[in-house]
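J.:
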Amino acid sequence: MTMTPLRTPVLEPVWEAVCPLTDLLPERGACALIGGEQVAVFRTHDGSLYAIGNQDPFSGAYILSRGIVGTRNGEPTVASPMHKQVFSLTSGACLDDPGTVIPTFPIRVTMGMVEVSVK
Amino acid sequence: MTRVLIVGNGPSAHRLAETLTSRGFTGSVTILGEEPRGAYDRVALTTHLTEGRDLAYPDVPGVTTVIGTRVVSIEPAAKTVNGSIPYDVLVLATGSAPFVPPVPGRDLDGCHVYRTIDDLDAIRASAATATAGVVVGGGLLGLEAADALRGLGLETHIVEMSPWLMPRQVDEGGGAVLKKHVESLGLTVHVKSGVTRIEGEGRVTGLLTPDAGVIDAQVVVFSAGIRPRDELARGAGLQVGERGGIVVDDGMRTSDPSILAIGECALHDGQIYGLVAPCMTMAEVAADRIMGGTAAFTGADLSTKLKLLGVEVAQFGAMAGALDVTYLDPVAGVYKKLFVSDDASTLLGGICVGDASPYATLRSFVGAELPAAPSDLLFSPTAVELPGDAPVCSCNNVTKNDVTAAIKENDLTDVAGVKACTRAGTTCGSCLPLLKKILTESGVDTGTGLCEHFAHSRAELFTIVQVRGITTFTQLIDEHGTGRGCDICKPVVASILASLHNGHVLEGEQAALQDTNDHFLANLQKNGTYSIVPRIPGGEITPEKLIVIGEVARDFGLYTKITGGQRIDLFGARVEELPRIWRRLVDAGFESGHAYGKALRTVKSCVGSTWCRYGVQDSVTLAIDLELRYRGLRSPHKLKSAVSGCARECAEARSKDFGIIATEKGWNLYVGGNGGFTPRHADLLVQDVDTATLIRTIDRFLMFYIRTADRLQRTAAWLENLDGGLDRLRQIIVDDALGICADLDAQMAAHVATYADEWRATLDDPVKLRRFVSFVNAPGTPDPSIAFTTERDQIKPEILQVMSR
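Taken in sequence, the protein lines are chains A and B.
Counting in my numbering, the first sequence runs from -9 upward without gaps.
Counting in my numbering, the second sequence runs from 26 upward without gaps.
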């Protein structure tokens, strides 16, 4: 069988400004509303930034930005404030239920502003 | 064929016979014992009394043991004993005899020593007709004897000449902590006290001391030291020490080369050894020499670790040094001291009372360079990396490398496996914490700590934060933990910091530690909205305030419900509404009810003597006073209380963490109750006390609980797990058995003086207010996922869609 190379259009990320970096408290999340999408953004103790979906897949509530940030075996995590399931901030995988994965989004800082791309 | 004759049938003699046999000695071995029974484990003597344990050692095959035979003479020239029993090698293992001070009355019926099974049987017989007993001597064996008397149900006194207990193992500070432990068990300790005479005619009736007068007692046990049994050796002209003991060389030989001496009767290099381990070593050296070997006894480490009367005591290395580092926790009854060289680089020795966990690690560092800062060694000795050749188990001569290898080769996963494979930890057990640590280092998970980030329990963290004056999570986890925390340890640390410093829970870095409830000062509900509970102290509220609550609920469209704690809960607020709602509540004189916190919730009350025909005290006023006193107090779990104005108990006070029921004379205080998953009625702590005493007792109860409870441990479980239970609690917070009450009182006074309403402070602080938005990039926009329907004229959350999984 031959593989026909697919010509996929390269999507340029569309960056949306969320807030000044200084507004993000270390190890405390915030939620941004970007085109109807709720994105939880986090700044960890070492200064890294992460963006994941805000909805807790287990309860359905949009609350992950209000969870406690920490680490599990060195991996940055957030615990759902509803029933404490822990999610990886890097992969979006639920570390207590490996089958469950929530979306992650690219995040960066430009000129002191935190920017997230949901496209 | 060599004939070995052993005089004495104690543990040393038994070990000698055993070693000879196991090494294939071809001569004959005969043991002559004066006791009417075979050899037994003298170290575990007390268990014979308290548990009726059989202490007999197994017979050594091939060895002839003659019991009930006392040797009265040795004829070295003829190489015989008792004039006729021949030997080629004679081993004296005659042990020691208890020293009985020459006081009048020492021979009265009821006076005993503590050495043999016969002694213990005699003590038991005397105790059967006695109510009180005195132990003369507060050393290691004295405390053991005291424990035995206590176990026999006697009111027990200890008389010790030195200024503190166990003067050979601990210093003055350790002695003071030890004394408190012992006293908290109900024993009476008389230090710096001698014995003038034993009183009584025929039978003991008391013991007269120079200072304390007469101590009434029908049993007296002398435990004032031991004297080596060297009378046979003296009679035979062997060299003995000035203060007793048969002089031996490194090969255990006496001044007659055909006669050896081992155990407690032997004087080696000016030293008598009363501990079992050196005596066993002597027996093994003697066996080697008898078989032509060259083994040598070169002295022994006198380090000890033991548990007496439930208290761990350990001493290793020197008991003095140029510098020392001391840690004292009077709450937990823990005292630890390290002695180091004048440049603070070398460990010289140490003392532990109440917690001997540093012993196993630190003992192997005596004389070596300190592996970490002394304070770290005292707090978390198991954090110190041991060198591979460090002896882990001195009893069985096992090194760390041996243990590591055994774990790898046999895929061991627990301490029991290590014990079985290496014999480490099978004798005295003091190295068990080290075995656990080595397992962990080898990648085996044995954790009992709070979570993966801290190997400590909540109570240990509390002590660390308090003693080291730590004020931030970052400092604590950098110095005492790993990683960056999680939803388990962060709220625990937040609570400890709040209990100790009482600052605003959203101040600085602390904001990042809080669970969402504490972070928004409200209770998260299932759809992501929050509920609000203003404080209504004692459940008493004016019509005006009721109207304000009604108006706020109406204006913000909140669902209202009366709680079980006589308050009103307002549901369905979005985060951005919380400050506006609270602005109105605070302006009307309300403050946070801490329904969201691990803190005091409410103090319920019945209407009390003001209105009720049956009430005997003003329960409402007391409930309000208590609720205002303890409001905002952060604790390991929520705290609930209630006050009933009479014995009819309408406020259900006995289902609370602390409940008060009025009596004709004052108040009864009950503690340790709760409803919940495992309901428990509170226990009566103090009875018929006045209001000032009541409040003081509650202050101490709460502070002691906050200091010592585990994470999320309600007072009920805490009390059930407290060593000594309710009686112990009463001794500590009513009788001040640990001497900490002034400290607890001061801590509560500081809480009361520094309390400030969290919601008012938040409303006054624009920085703290900034977090109350649904969207950081659209502060005015409400969360579109939150929607309500209506039920019985109030809102009800719409069911949320759960993602498919």
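Backbone N, C-alpha and C fix where the C-beta goes; we use that ideal spot for every residue, glycine too.
If you run the structure through DSSP and keep just helix, strand and coil, what is His816 of chain B?
T.: Counting from one through the second sequence, the residue named residue 816 of chain B turns up at place 791. Going by the sequence as given, residue 816 of chain B is Glu instead of His. It is a strand residue.
J.: Note the first and the last residue of the continuous beta strand (DSSP E) segment covering Ala20 of chain A.
T.: On the first sequence, residue 20 of chain A is found 30 positions in, with the first residue counted as 1. Looking at the DSSP string, the run of the beta strand (DSSP E) that includes Ala20 of chain A is 20 to 24.
J.: Gly508 of chain B: which of A:Thr67, A:Phe95, A:Gly89, A:Leu85 sits nearest, CA to CA?
T.: Mapped onto the second sequence, residue 508 of chain B falls at position 483. When each option's Cα is compared against that of Gly508 of chain B, the closest is A:Thr67.
J.: For the alpha helix (DSSP H) that Val611 of chain B lies in, which residues bound it at each end?
T.: The residue given as residue 611 of chain B occupies position 586 in the second sequence. Note, Val611 of chain B: alpha helix (DSSP H), 603 to 612.
J.: The alpha helix (DSSP H) spanning Glu745 of chain B covers which residue range?
T.: Counting from 1 along the second sequence, the entry for residue 745 of chain B is found at position 720. Segment 740 to 746, the alpha helix (DSSP H) holding Glu745 of chain B.
J.: Does Val310 of chain B pass the burial test, meaning 16 or more other C-beta atoms within 10 Å, or should it be called exposed?
T.: In the second sequence, the residue the question calls residue 310 of chain B occupies position 285. The residue in question, Val310 of chain B, is buried, as its Cβ has 16 or more Cβ neighbours within 10 Å.
J.: For a cutoff of 8 Å on Cβ pairs, would you count Thr44 of chain B as touching chain A?
T.: Within the second sequence, numbered from 1, the residue matching residue 44 of chain B stands at position 19. Taking Cβ atoms only, chain A never reaches closer than 8 Å to Thr44 of chain B, which makes this a no.
J.: Judging by CA-CA distance, which residue of B:Thr329, B:Val417, B:Arg785 is the nearest neighbour of Arg609 of chain B?
T.: Translated into the one-based positions of the second sequence, residue 609 of chain B becomes position 584. Of the listed residues, the one whose Cα sits closest to Arg609 of chain B is B:Arg785.
J.: Using C-beta distances below 8 Å, list every residue in its chain close to Thr(-6) of chain A, excluding the 5 sequence neighbours before and after it, in chain order.
T.: Along the first sequence, one-based indexing puts residue -6 of chain A at 4. Reliability of the predicted coordinates at Thr(-6) of chain A is poor, the pLDDT of 48 falling under 50, and the value obtained from them is presented with this limitation in mind. Cβ within range, chain order: n/a, list empty.
J.: Helix, strand or coil for Met316 of chain B per DSSP?
T.: The residue given as residue 316 of chain B occupies position 291 in the second sequence. Here DSSP, grouped into helix, strand and coil, assigns Met316 of chain B to coil.
J.: Are the CB atoms of Ile183 of chain B and Gly167 of chain B within a distance shorter than 8 Å?
T.: Residue 167 of chain B sits at position 142 when you count from the first residue of the second sequence. Residue 183 of chain B sits at position 158 when you count from the first residue of the second sequence. Contact flag set, yes.
J.: Indicate the three-state DSSP secondary structure (helix, strand or coil) for Pro(-5) of chain A in the structure shown.
T.: For this step, residue -5 of chain A is matched to residue 5 along the first sequence. In this predicted model, Pro(-5) of chain A has a pLDDT of only 48, less than 50, meaning its place in the structure is not dependable enough to derive any value.
J.: What does a CB cutoff of less than 6 Å around Val239 of chain B pick up in its chain, not counting 5 residues either side in sequence?
T.: As a working mapping, residue 239 of chain B is identified with position 214 in the second sequence. Cβ neighbours of Val239 of chain B beyond the five flanking positions: Gly231, Leu233.
J.: Spell out whether any CB of chain A is found under 8 Å from the CB atom of Leu825 of chain B.
T.: Locating residue 825 of chain B in the second sequence gives position 800, where the first residue counts as 1. Yes, its Cβ sits closer than 8 Å to a Cβ of chain A.
J.: Looking at chain A, is there any beta carbon in it that lies within less than 8 Å of the beta carbon of Phe800 of chain B?
T.: Your numbering for residue 800 of chain B matches position 775 in the second sequence. Judged by the 8 Å Cβ criterion, Phe800 of chain B is in contact with chain A.
J.: How big is the Cα-Cα spacing for Ala249 of chain B and Gln340 of chain B?
T.: Along the second sequence, one-based indexing puts residue 249 of chain B at 224. Along the second sequence, one-based indexing puts residue 340 of chain B at 315. Those two C-alpha atoms are separated by around 20 Å.
J.: Among B:Ile376, B:Arg314, B:Thr371, B:Ala578, which residue has its Cα nearest to the Cα of Leu331 of chain B?
T.: Start at 1 with the first residue of the second sequence, and residue 331 of chain B comes out as number 306. The shortest C-alpha separation from Leu331 of chain B is found at B:Ile376.
J.: Can you find a CB in chain A that lies within less than 8 Å of the CB of Asp735 of chain B?
T.: Locating residue 735 of chain B in the second sequence gives position 710, where the first residue counts as 1. It does not; no Cβ of chain A falls within 8 Å.
J.: How big is the Cα-Cα spacing for His706 of chain B and Leu744 of chain B?
T.: Counted from its first residue, the second sequence places residue 706 of chain B at position 681. Counted from its first residue, the second sequence places residue 744 of chain B at position 719. The straight-line gap from Cα to Cα measures roughly 12 Å.
J.: Within the same chain, show all residues whose beta-carbon is closer than 6 Å to that of Asp540 of chain B, passing over the 5 residues directly before and after it, in chain order.
T.: Position 515 of the second sequence holds residue 540 of chain B. Within the same chain, Asp540 of chain B has close Cβ partners Pro516.
J.: Starting from Ser78 of chain A, find everything on chain B with Cβ-Cβ shorter than 8 Å and list it in chain order.
T.: Here residue 78 of chain A refers to the residue found at position 88 when the first sequence is read from its first residue. Within 8 Å Cβ-Cβ: nothing; Ser78 of chain A doesn't reach chain B, min ~13 Å.
J.: Of all Cβ atoms in chain B, is any one closer than 8 Å to the Cβ of Thr100 of chain A?
T.: Reading the first sequence from its first residue, position 110 is the one you call residue 100 of chain A. By this cut-off, Thr100 of chain A is not an interface position.
J.: Determine, for Leu501 of chain B, whether the minimum Cβ-Cβ distance to residues of chain A falls below 8 Å.
T.: Mapped onto the second sequence, residue 501 of chain B falls at position 476. With 8 Å as the cut-off, Leu501 of chain B does not count as an interface residue toward chain A.
J.: Going by other Cβ atoms of all chains shown within 10 Å of its Cβ, with 16 needed for buried, is Val4 of chain A buried or exposed?
T.: Translated into positions along the first sequence, residue 4 of chain A becomes position 14. Looking at its Cβ environment, which holds fewer than 16 other Cβ atoms inside 10 Å, Val4 of chain A is exposed.
J.: Report the option in B:Thr213, B:Glu565, B:Lys663 whose CA atom is closest to the CA atom of Lys623 of chain B.
T.: Along the second sequence, read from residue 1 onward, the residue named residue 623 of chain B stands at position 598. The shortest Cα separation from Lys623 of chain B among B:Thr213, B:Glu565, B:Lys663 belongs to B:Lys663.
J.: Could you list which residues in chain A have their beta carbon closer than 8 Å to that of Lys793 of chain B, in chain order?
T.: Here residue 793 of chain B refers to the residue found at position 768 when the second sequence is read from its first residue. Within 8 Å Cβ-Cβ: nothing; Lys793 of chain B doesn't reach chain A, min ~11 Å.
J.: Out of B:Ala173, B:Val116, B:Gly63, which has the shortest C-alpha to C-alpha gap to Leu74 of chain B?
T.: Position 49 of the second sequence, counted from the start, is the residue given in the question as residue 74 of chain B. Among B:Ala173, B:Val116, B:Gly63, the Cα nearest to that of Leu74 of chain B belongs to B:Ala173.
J.: Of the residues that make up the region 40 to 72 of chain A, which ones have a beta carbon closer than 8 Å to any beta carbon in chain B?
T.: Gln45, Pro47, Phe48, Ser49, Gly50, Ala51, Tyr52, Ile53, Arg56, Gly57, Ile58, Val59, Gly60, Thr61, Arg62, Asn63, Gly64, Pro66, Thr67, Ala69, Pro71, Met72
J.: Residues in the region 535 to 553 of chain B with C-beta within 7 Å of chain A's C-beta atoms, listed in sequence order?
T.: Within the region 535 to 553 of chain B, the qualifying residues are Ala536, Ala537, Asp540, Thr541, His544, Leu549, Lys551, Asn552, Gly553.
J.: Return the residues of the region 475 to 492 of chain B that lie within a Cβ-Cβ distance of less than 8 Å from chain A, sorted by chain order.
T.: Taking a C-beta cut-off of 8 Å against chain A, the contacting residues of the region 475 to 492 of chain B are Glu477, His478, listed in chain order.
J.: Could you work out which residue in B:Gly135, B:Leu145, B:Leu727 is closest to Val159 of chain B when comparing CA atoms only?
T.: As a first step, residue 159 of chain B must be located in the second sequence, where it is residue number 134. Of B:Gly135, B:Leu145, B:Leu727, the residue nearest in Cα terms is B:Gly135.
J.: With C-beta atoms as the reference, is Leu334 of chain B less than 8 Å away from Leu165 of chain B?
T.: Against the second sequence, residue 334 of chain B aligns to sequence position 309. Against the second sequence, residue 165 of chain B aligns to sequence position 140. For Leu334 of chain B and Leu165 of chain B, no; Cβs fall outside 8 Å.
J.: Just the C-alpha distance for Val632 of chain B and Thr585 of chain B, rounded to the nearest angstrom, thanks.
T.: If you number the second sequence from 1, residue 632 of chain B lands on position 607. If you number the second sequence from 1, residue 585 of chain B lands on position 560. So the two alpha carbons sit approximately 23 Å from each other.
J.: From Gly374 of chain B to Arg140 of chain B, what distance separates their C-alpha atoms?
T.: By one-based count along the second sequence, residue 374 of chain B stands at place 349. By one-based count along the second sequence, residue 140 of chain B stands at place 115. Distance between the alpha carbons of Gly374 of chain B and Arg140 of chain B: 30 Å.
J.: By how many angstroms is the C-alpha of Gly266 of chain B removed from the C-alpha of Leu292 of chain B?
T.: Translated into the one-based positions of the second sequence, residue 292 of chain B becomes position 267. Translated into the one-based positions of the second sequence, residue 266 of chain B becomes position 241. Cα-Cα distance, rounded: 7 Å.
J.: Sort out for me which residues DSSP pairs Leu664 of chain B with in a bridge.
T.: Translated into positions along the second sequence, residue 664 of chain B becomes position 639. According to DSSP, Leu664 of chain B bridges with B:Leu625.
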